[in-house]
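What follows is a short report on a single structure.
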Amino acid sequence: MAWEDRTPFDAIEKSFGLSESQVIQLMRYELKRGSFELWRKRVTGRATKHFALRSKLVDRAYCPTQYKNK
Numbered sequence: 004m005a006w007e008d009r010t011p012f013d014a015i016e017k018s019f020g021l022s023e024s025q026v027i028q029l030m031r032y033e034l035k036r037g038s039f040e041l042w043r044k045r046v047t048g049r050a051t052k053h054f055a056l057r058s059k060l061v062d063r064a065y066c067p068t069q070y071k072n073k
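4 is the number of the first residue of the sequence shown in the working numbering; add one for each residue after it.
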């Protein structure tokens, strides 16, 4: 969930009980250094990862086309 750009940290906390800082620690531990740094650049300040920065019109945690039925 943390790797996915559209899943907010608040949803991760609700599902797994991990705060944003705990998710960052976990990602730092689990990813290679370069992968972690790229992930941090990507999610830092990203509106989709933080409910407070997100438009109130967005009421889902993922893109509607993300889980396509085949």
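Ideal Cβ positions, reconstructed from N, Cα and C, are used throughout, including at glycine.
inquiry  = By the DSSP assignment, the alpha helix (DSSP H) with arginine 36 in it spans what residues?
reply    = 36-46
Where aspartate 8 falls: helix, strand or coil (DSSP) = coil
request  = Using 10 angstroms around the beta-carbon of phenylalanine 19, count the other beta-carbons present and answer buried if the total reaches 16, otherwise exposed.
outcome  = exposed
query = CB of glutamate 33 to nearest heavy atom of the ligand SAM: below 7 Å?
reply = For the structure depicted, the ligand SAM is absent and the ligand set is empty, with no information on it obtainable.
query = If you run the structure through DSSP and keep just helix, strand and coil, what is leucine 29?
reply = helix
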